[in-house]
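Asker: Protein sequences appear in the order of chains F and Z. First residue of the first sequence: 32, per our numbering; consecutive thereafter. First residue of the second sequence: 32, per our numbering; consecutive thereafter. The structure is given below, and queries will be raised subsequently.
There are 2 protein chains.
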Amino acid sequence: MSDTIFDVAIARLSTQEADFDERLAALLAWEGVSDSSVQERVQAILEDVRQHGDQAVLAATNRFDRLNATHMRELTLTQEQLKAAFDGLPDAQREALTQAAERIRRYHERQKPQSWQYQEQDGTVLGQKVSPLDRAGIYVPGGKAAYPSSVLMNAIPAHVAGVREIVMVVPTPDGVLNELVLAAAHLAGVDHVFTIGGAQAVAALAYGTASVPRVDKIVGPGNIYVATAKRAVFGQVGIDMIAGPSEILVVADGGTDSDWLAMDLFSQAEHDEDAQAILVSWEQQHLDDVADSIERLLPSLEREEIVRQSLARRGALIQCRNREEAVALINRIAPEHLELSVEDPESMLEGIRHAGAIFMGRYTAEALGDYCAGPNHVLPTSGTARFSSPLGVYDFQKRSSIIHCSAEGASELGKIASVLARGEALTAHARSAEYRIRD
Amino acid sequence: MSDTIFDVAIARLSTQEADFDERLAALLAWEGVSDSSVQERVQAILEDVRQHGDQAVLAATNRFDRLNATHMRELTLTQEQLKAAFDGLPDAQREALTQAAERIRRYHERQKPQSWQYQEQDGTVLGQKVSPLDRAGIYVPGGKAAYPSSVLMNAIPAHVAGVREIVMVVPTPDGVLNELVLAAAHLAGVDHVFTIGGAQAVAALAYGTASVPRVDKIVGPGNIYVATAKRAVFGQVGIDMIAGPSEILVVADGGTDSDWLAMDLFSQAEHDEDAQAILVSWEQQHLDDVADSIERLLPSLEREEIVRQSLARRGALIQCRNREEAVALINRIAPEHLELSVEDPESMLEGIRHAGAIFMGRYTAEALGDYCAGPNHVLPTSGTARFSSPLGVYDFQKRSSIIHCSAEGASELGKIASVLARGEALTAHARSAEYRIRD
């Protein structure tokens, strides 16, 4: 396969081709399921940490991250270390990180729901009480994909939600620490940082160890071992989602500079070889222009090889008939990132049912949202925007129903409950309700 | 074990005993994880349905539910059948079901969130758009636990959320249909009903077949095969939660009739042998009274054997020191159902951080909430109220972030994004942002 796909930088598709649906399906196909050997290895690590706690975490960390730690203290960062990393940043970075954090905080403040109650005529009160989680665990990937922006995007919503303790884990393969990641942890108000990763970190957060506090929910992306471990501990703790490779769908009407659009596609493709960048337009000349821009700009990229592979394997320029067909494609794909690089993006918005984040107009590059616009950059991938939301304050809170019946209300409800409970042959339910019926 | 546990109907614990924490932990322990043989059988069924669609569903249904269906038509119920079931109910049942549905609908209408936007000084607009799922799948258990109330509790929030199509599956072992379940499906506005269950039904909903439409999320409880299948397809579709056995924690101040409280505990215990009923009080005499009521009333129960087993294996009467300790116990247990059978339940409410549903005061029996108070009866079990919410309208909707930068806004954000992207060595991100910086 790889000898043919590099003939062109990126595939060209048209909705008018007979095999379009098949080609699109093949392009979008992504199997995030781990094979049984990964499953077994993860299961063994989870069990080991569950039984042996810190010792198992230490052993796995030394092995996988090539360290020689003898005590969890060596895998623990202090608040002083985080602050020192923040203080030590170049001014421009410290300022940019601070501004980004402030904007992210401001947006997420708007997501805070209120508890509510209402009273019925007979005095019965019904309601919903919103409470934060006690403890949240944040998984931050290490190595080549250690992103300080992800620390902000995961920790700030937890903080805004009112979570009491935020525990972060970040692996440091070969002992390499990322100062920007530590600085972001300081800025976002992370309470504990452990330099551990993989399934062993997920296990430590899910079960707790002598050193690592057990959390109530684990959020954040990771490799296949992390994803498999998160799926396995789901139920024991909450998890956010199982993330696939990142993707963007750009819809263009021909009025945006083709170099801008090429770079927007590159910004997605540079993440990794599995990332997906797709552009849709009803203007054939515009698609040709973007294809030319791609060819011309590719050699200027620092991460050229990754981008070339990503575009060749999973990218596409798609010609569609018109605006309506573009909207149908959006809903078919349910993209993680949707860029509406058109004159009047508002007019398309109503028809869009499935997308993680919608970047509207020619100026709103996805990269702005990745770092500092305010909304979260942790978004549902691989079509899961059909049923999932961006990471948000709501991920760090839960609701409790409130029911407070008056004597009169209980009497009336008791009559209904009695009939239905007997219909289900649950007679203790019925009798419990009937005790509250007034004579 | 079983020869000793029936010496008393229910265990007595006190927080003052040295081994209290251990005994409580043992009582609460619940392993919902399926063993590898279940995993493998479920995986085989999922794969079979994925590859062979309807034929695989038919074969599995015939085998597990002891049927002889030759076409999916035979496993499909029509709207006429649902309506006929509703019309055919005894008046009292039809009326009770209708009133319950109306109250459930009214409560869930209050959960509907609004989309929102705000504009910044430079014209940049940020917001959040709420959209319903296209299709929801509802799993309704068949056989001994076929509950019409669960149909209402699952389908009505989906309907209120604006879901376009609601697909229900309910197994009919040996071909036995539950008329109340069909009537509830009619009342709740279910669009399609298939009489299939188990892992094969979960697979059909997750992958779609020629007959069964692929859904975006699967909700509803089921046995270990259903739970294992839901966990496996999570990511392909959304799921609600992995439900464990049902439980109640009652906190009593001594002022509620001990017979009422015994029956409240029975109403939980009668679900099945794994169900859990716990009463906490700081009044020793009251605990003794409830123990007496339990002994006296047990022989009068239709489901006496199930209740006896449930209480003996997993039930407890716990004496605590005072009100504050009771609140600490609530948060430690994070119960699915919490009954505050006390004079002034409001005063305890603020301190309660974790509970699925809170039933306040002496009149509010859990059974009223199970059927008709309004709030949902699908609730987080086994301590998962630490991080999970009752099933609600929010389970059938998702959010998309909206970012619409003005030219000026993009220029300012571009500067921040550029610094941060270069800090992450993502230079295509940086250049995409920099194109939007004004000269």
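In this text, a Cβ means the ideal position worked out from N, Cα and C, and glycines have one as well. Just so it is clear, the structure is predicted and the values come from calculations on it, not from any experiment.
Pick from ARG72/F, SER449/F, LEU55/F and ILE41/F: whose alpha carbon is nearest that of ALA258/F?
Answerer: Taking the first sequence and counting its residues from 1, one reaches residue 258/F at position 227. Cα-wise, what sits closest to ALA258/F is ARG72/F.
Asker: The segment 245-270 of chain F: which residues have C-beta closer than 8 Å to a C-beta of chain Z, in chain order?
Answerer: Answer set for the segment 245-270 of chain F: ASP247, LYS248, ARG262, PHE265, GLY266, VAL268 and GLY269.
Asker: With distance defined between alpha-carbon atoms, name the residue in ALA464/Z, ALA388/Z, SER432/Z and ARG104/Z nearest to ALA398/F.
Answerer: As a first step, residue 398/F is located in the first sequence; it is residue number 367 there, counting from the start. Nearest C-alpha to ALA398/F: ALA464/Z.
Asker: Would you report the Cα separation of ASN353/Z and SER378/Z, rounded to the nearest angstrom?
Answerer: In the second sequence, the residue the question calls residue 353/Z occupies position 322. In the second sequence, the residue the question calls residue 378/Z occupies position 347. When the Cα atoms are used, ASN353/Z and SER378/Z turn out to be separated by approximately 14 Å.
Asker: DSSP beta-bridge partners for PRO163/F?
Answerer: Indexing the first sequence from 1 puts residue 163/F at position 132. The partner list for PRO163/F (beta bridge, DSSP) reads GLN428/F.
Asker: Would DSSP call ALA396/F helix, strand or coil?
Answerer: Taking the first residue of the first sequence as position 1, residue 396/F is located at position 365. Coil, per DSSP.
Asker: What ranges does the beta strand (DSSP E) occupy inside the segment 288-332 of chain Z, keeping only unbroken runs of at least 3 residues that lie completely in it?
Answerer: 307-312
Asker: Would you tell me roughly how many angstroms separate the C-alpha atoms of LEU120/Z and GLU210/Z, rounded to the nearest one?
Answerer: Within the second sequence, the letter at position 89 stands for residue 120/Z. Within the second sequence, the letter at position 179 stands for residue 210/Z. Distance between the alpha carbons of LEU120/Z and GLU210/Z: 8 Å.
Asker: By Cβ distance, which residues of its chain are closer than 7 Å to SER432/F, with the 5 residues on each side in sequence left out?
Answerer: For the purposes of this step, residue 432/F is taken as the residue at position 401 of the first sequence. Closer than 7 Å at the Cβ level, and outside the excluded window around SER432/F, lie GLN159.
Asker: What residues of chain A sit near ALA75/F, judged by a beta carbon separation below 8 Å?
Answerer: Within the model displayed, chain A is absent; protein chains F and Z are what it includes.
Asker: From PRO376/F to THR240/Z, what does the alpha carbon distance come to, in whole angstroms?
Answerer: Counting from one through the first sequence, the residue named residue 376/F turns up at place 345. Counting from one through the second sequence, the residue named residue 240/Z turns up at place 209. CA-to-CA, the gap between PRO376/F and THR240/Z works out to about 36 Å.
Asker: Which of the three DSSP states is assigned to ALA192/F in this structure?
Answerer: For this step, residue 192/F is matched to residue 161 along the first sequence. ALA192/F falls in the helix class under three-state DSSP.
Asker: Along chain F, in chain order, which residues have C-beta atoms closer than 9 Å to that of GLU355/Z?
Answerer: Working through the second sequence from its first residue, we reach residue 355/Z at position 324. By Cβ distance, chain F contributes nothing, its closest Cβ being about 18 Å from GLU355/Z, past 9 Å.
Asker: Tell me the rounded alpha-carbon separation between GLN150/F and LYS446/F.
Answerer: If you number the first sequence from 1, residue 150/F lands on position 119. If you number the first sequence from 1, residue 446/F lands on position 415. Whole-angstrom Cα-Cα distance: 20 Å.
Asker: Let me check understanding here. Comparing Cα to Cα, which of THR92/F, ILE337/F and ASP470/F lies closest to ALA459/Z?
Answerer: By 1-based counting over the second sequence, the position of residue 459/Z is 428. The candidate whose alpha carbon is nearest that of ALA459/Z is ILE337/F.
Asker: Any Cβ of chain F within less than 8 Å of the Cβ of HIS102/Z?
Answerer: The sequence position of residue 102/Z within the second sequence is 71, counting from 1. No, because no Cβ of chain F sits closer than 8 Å to the Cβ of HIS102/Z.
Asker: Taking the beta strand (DSSP E) that ILE477/F belongs to, which residues open and close that run?
Answerer: This structure does not reach residue 477/F, given that chain F is present from 32 up to 470, and the question cannot be answered.
Asker: Using 10 angstroms around the beta-carbon of SER146/F, count the other beta-carbons present and answer buried if the total reaches 16, otherwise exposed.
Answerer: By one-based count along the first sequence, residue 146/F stands at place 115. SER146/F is exposed by the Cβ-count criterion.
Asker: Would GLY286/Z count as contacting chain F if we go by Cβ distances under 8 Å?
Answerer: Looking up residue 286/Z in the second sequence gives position 255. Cβ-Cβ to chain F under 8 Å: no for GLY286/Z.
Asker: Return no unless some Cβ of chain Z is closer than 8 Å to the Cβ of LYS429/F.
Answerer: As a working note, residue 429/F is residue 398 in the first sequence. Contacts with chain Z at 8 Å (Cβ-Cβ) include LYS429/F.
Asker: Spatial neighbours of GLU196/Z within its chain, please: CB distance less than 6 Å, with the 5 preceding and 5 following residues excluded, ordered by chain position.
Answerer: Start at 1 with the first residue of the second sequence, and residue 196/Z comes out as number 165. Excluding positions up to five away in sequence, the list reads ARG166 and ASP222.
Asker: Just by C-beta distance, which residues in the segment 311-336 of chain F are closer than 8 Å to chain Z?
Answerer: LEU332, GLU333 and ARG334
Asker: Which whole-angstrom value describes the C-beta separation of ALA461/Z and ARG453/Z, a residue pair presumed to lie in contact below a C-beta threshold of 8 Å?
Answerer: Within the second sequence, numbered from 1, the residue matching residue 461/Z stands at position 430. Within the second sequence, numbered from 1, the residue matching residue 453/Z stands at position 422. Going by Cβ atoms, the distance from ALA461/Z to ARG453/Z rounds to 5 Å, so yes, they are a contact pair.
Asker: If you compare alpha carbons, which of ALA123/Z, MET391/Z, ALA416/Z and ASP303/Z is closest to ARG344/Z?
Answerer: For this step, residue 344/Z is matched to residue 313 along the second sequence. Selection ALA123/Z, MET391/Z, ALA416/Z and ASP303/Z evaluated against ARG344/Z yields ASP303/Z as nearest (Cα-Cα).
Asker: Excluding the 5 residues preceding and the 5 following CYS436/F in the sequence, name in chain order all residues of the same chain whose CB lies nearer than 6 Å to its CB.
Answerer: The residue given as residue 436/F occupies position 405 in the first sequence. Result list for CYS436/F: THR155, in chain order.
Asker: Going along the segment 390-408 of chain Z in order, which residues come within less than 8 Å of chain F, judged by CB to CB distance?
Answerer: Those residues of the segment 390-408 of chain Z placed with their C-beta closer than 8 Å to a C-beta in chain F are PHE390, MET391, GLY392, TYR394, THR395, ALA396, GLU397, ALA398, LEU399, GLY400, ASP401, TYR402, CYS403, ALA404, GLY405, PRO406 and ASN407, ordered along the chain.
Asker: Is it true that the CB of TYR170/F sits closer than 8 Å to the CB of GLY253/F?
Answerer: Indexing the first sequence from 1 puts residue 253/F at position 222. Indexing the first sequence from 1 puts residue 170/F at position 139. Result yes, Cβ atoms of GLY253/F and TYR170/F sit closer than 8 Å.
Asker: How far does the alpha helix (DSSP H) with GLN378/Z in it reach, from first residue to last?
Answerer: Counting from 1 along the second sequence, the entry for residue 378/Z is found at position 347. Reading the sequence as shown, one finds Ser at residue 378/Z and not Gln. First-last of the alpha helix (DSSP H) with SER378/Z: 377-380.
Asker: Grab me the residues of MET32/Z's own chain with a C-beta within less than 7 Å of its C-beta, minus the 5 sequence neighbours each way, in chain order.
Answerer: Here residue 32/Z corresponds to residue number 1 of the second sequence, with the count starting at 1. Confidence in MET32/Z is poor, its pLDDT being 39 and thus under 50, which makes the residue's placement too unreliable to answer from.
Asker: Pick out whichever of LEU451/Z, ILE434/Z and ASP426/Z has its Cα sitting closest to the Cα of GLN142/Z.
Answerer: Here residue 142/Z is taken as the residue at index 111 of the second sequence, counted from 1. Closest option to GLN142/Z, Cα to Cα, is ASP426/Z.
Asker: So, at 8 Å on beta carbons, what are the nonlocal neighbours of LEU292/F in its own chain, with the 5 sequence-adjacent residues on each side left out?
Answerer: Numbered from its first residue, the first sequence carries residue 292/F at position 261. Leaving aside the five residues that flank LEU292/F on each side, the residues in its chain whose CB is nearer than 8 Å to its CB run, in chain order, VAL281, ALA283, LEU310, VAL321, SER324 and SER372.
Asker: How about ALA214/F and LEU108/F: do their beta carbons lie closer than 8 Å?
Answerer: Your numbering for residue 214/F matches position 183 in the first sequence. Your numbering for residue 108/F matches position 77 in the first sequence. No, the pair does not count as a contact, with Cβ atoms beyond the cut-off.
Asker: DSSP three-state call for GLU133/Z: helix, strand or coil?
Answerer: For the purposes of this step, residue 133/Z is identified with residue 102 of the second sequence, where counting begins at 1. It is helical.
Asker: Going along the chain, which residues of its own chain have a beta-carbon closer than 8 Å to the beta-carbon of GLY440/Z, five neighbours each way excluded?
Answerer: Position 409 of the second sequence, counting from 1, holds the residue named residue 440/Z. So the qualifying residues of the chain are GLU151, ASP153, GLY154 and THR155.
Asker: Count the other CB atoms, across all protein chains shown, that sit within 10 Å of the CB of GLN110/Z; report buried if there are 16 or more and exposed otherwise.
Answerer: Numbered from 1 along the second sequence, position 79 holds the residue referred to as residue 110/Z. Exposed, since its Cβ has fewer than 16 Cβ neighbours within 10 Å.
Asker: Between which two residues does the beta strand (DSSP E) carrying LEU348/F extend?
Answerer: For this step, residue 348/F is matched to residue 317 along the first sequence. 347-350 is the span of the beta strand (DSSP E), which, as asked, contains LEU348/F.
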